[in-house]
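Worksheet: the structure to be examined is printed underneath.
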Amino acid sequence: MEAFAVRVTKDYLVFCAAHFITFGGECETLHGHNYRVTVTLEGRTDENHYVFDFVTLKRLAKAECDRLDHRLLLPTENKHLQVRVENGSVFVRFKEKLYQFPEDDVVLLPVTNTTAEMLARYLAGRLRSHPLIAGASNLEALEVEESFGQSARYREELDKRGA
């Protein structure tokens, strides 16, 4: 049985974002990373002998990176944080510490923490749900590098359609 995959990792599949994570009852200070994204799709080749068109995959991945670029990433499912949006501001409370950010500068993410692992899973879900990808190929992996040599990779079980 043959297996094919396409992988994109380009200089422009990046986003610069701020975040903080909670761990062990503590909260990191607000800081940022220059993230890089790599996407791998696996599947059968189509009538054009493609698993998936590189141009389209790069465009879709770049759009996701652009949504997060120069924003503060906040988890909405973190049991240690209280997040509310009010009058154009996002308020975040961790214990006695209260942050206030302009709503336009924040992306609220349905994740438990904004770790590289959870960002990889979130982005994989966003891409997987796109109609062009959902109907054509399996999202095999998505990797988020938060600094050179430090990354998290999210993999999914491949759908064995027609196998």
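All the letters of the sequence shown, read from the start, carry residue numbers 13 to 175 under our numbering. Even glycine gets a Cβ: it sits at the ideal position worked out from N, Cα and C. Being a predicted model, the structure only gives us computed values, none of them experimental.
Asked: Extent of the continuous alpha helix (DSSP H) run through Thr124; Found: First-last for Thr124: undefined, no H or E at that position.
Asked: Assumed close pair Leu93, Ala30 - CB separation to whole angstroms, cut-off 8 Å; Found: Between Ala30 and Leu93 the Cβ distance is about 15 Å, and since that is not below 8 Å, they are no contact.
Asked: Counterpart residues of His92 in DSSP-defined beta bridges; Found: None; His92 has no bridge partner.
Asked: CA-to-CA distance, Val104 to Glu177, given in whole angstroms; Found: The requested residue 177 does not occur in the structure, where the chain is confined to residues 13 to 175.
Asked: Cβ neighbour criterion (16 or more within 10 Å) applied to Ala128; Found: buried
Asked: Backbone secondary structure at Leu86 - three-state DSSP; Found: strand
Asked: Check whether Thr41 and Phe32 have beta carbons under 9 Å apart; Found: yes
Asked: Three-way DSSP call (helix, strand, coil) for Val20 in this model; Found: strand
Asked: Given 8 Å, three or more beta-carbon pairs between the segment 116-126 and the segment 45-62; Found: no
Asked: Three-state secondary structure assigned by DSSP to Gly100; Found: coil
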